[in-house]
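J.:
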Amino acid sequence: MTDYLPKVARVRAQIEKLADEIRDLSDGMPPKEDALAAIDTHIERQANSVKIRPSAFTGDAGPAVSAYPESAHAYACKFFPDAIRDRLRAEVEALYRGEVTITDDRKQERLEAQQLELERQEEVLIRGAAADGKNIPRRSDANPAITLAD
């Protein structure tokens, strides 16, 4: 007689692990409004790291613009904030439209297919146990398409 409980427990652990991975993929990004607000904060922080010294044009020695930070991005944020903002917003908007996360979508589809197969295996084990006179309760979140399938 087959001992179904350990087999079902193993399959359920795998199902739960895949469900966690799928949740992590879909829950990985903050709300779109927060991401867009972070762009403004980032641009402001970068721009503030660049110091302009207008006294360099009035006879004072020294550079007109600070040599530090050494990041061209910081200078772009200081002198072209609107262009940087527009570009970064377009990139973030694309992420939320799904244009950049194609590999994550494919990964999620693959994980969901694996989860479905594990749920089928779980149902086969539960039905096998029932045929042998053992009752193994189904998970409350079991896929109805699997549990009702013939």
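So the sequence shown is numbered by the UniProt record's numbering: it starts at 1 and just counts up by one. Ideal Cβ positions, reconstructed from N, Cα and C, are used throughout, including at glycine.
In terms of DSSP beta bridges, what is residue 229 paired with?
T.: What the structure shows of the chain is the stretch from 1 to 150, and residue 229 is not part of that stretch, so it cannot be assessed.
J.: At the level of alpha carbons, what is the spacing between A129 and M29?
T.: Answer to the nearest angstrom: the Cα atoms are 42 Å apart.
J.: DSSP three-state call for D34: helix, strand or coil?
T.: Helix at D34.
J.: For L118, does the count of other Cβ atoms within 10 angstroms reach 16, so buried, or fall short, so exposed?
T.: By the 10 Å Cβ count, L118 comes out buried.
J.: For the alpha helix (DSSP H) that L148 lies in, which residues bound it at each end?
T.: Counting along the chain, L148 falls outside any alpha helix (DSSP H), and DSSP gives it neither H nor E.
J.: Where does E70 sit, in a helix, a strand or coil, going by DSSP?
T.: The answer is coil: DSSP assigns E70 none of H, G, I, E or B.
J.: For the structure I just gave you, are there three or more beta carbon pairs, one from the region 7 to 23 and one from the region 56 to 74, closer than 8 Å?
T.: Verdict: no, contact absent.
J.: Quick check on this structure: which residue in D3, S140 and T41 has the alpha carbon closest to the alpha carbon of C77?
T.: Here the closest residue by C-alpha is T41.
J.: Which residue wins for smallest C-alpha separation from A113, given the options A19, R10, Y4 and A9?
T.: Ranking the options by Cα distance to A113, first place goes to A19.
J.: Is I15 near Q108, with beta carbons less than 8 Å apart?
T.: For I15 and Q108, no; Cβs fall outside 8 Å.
J.: In chain order, what residues of the same chain lie with their CB nearer than 7 Å to the CB of T103, ignoring the 5 residues before and after it?
T.: Confidence is the limiting factor: at T103 the pLDDT is only 49, short of 50, which leaves the residue's position unreliable, though a coordinate-based value still follows. Nothing meets the Cβ criterion.
J.: Tell me the residue span of the alpha helix (DSSP H) that contains D82.
T.: It spans P81 to R97 - the alpha helix (DSSP H) in which D82 sits, taken as one unbroken run.
J.: Rounded to a whole number of angstroms, what is the C-alpha to C-alpha distance between S49 and D141?
T.: Cα-Cα distance, rounded: 52 Å.
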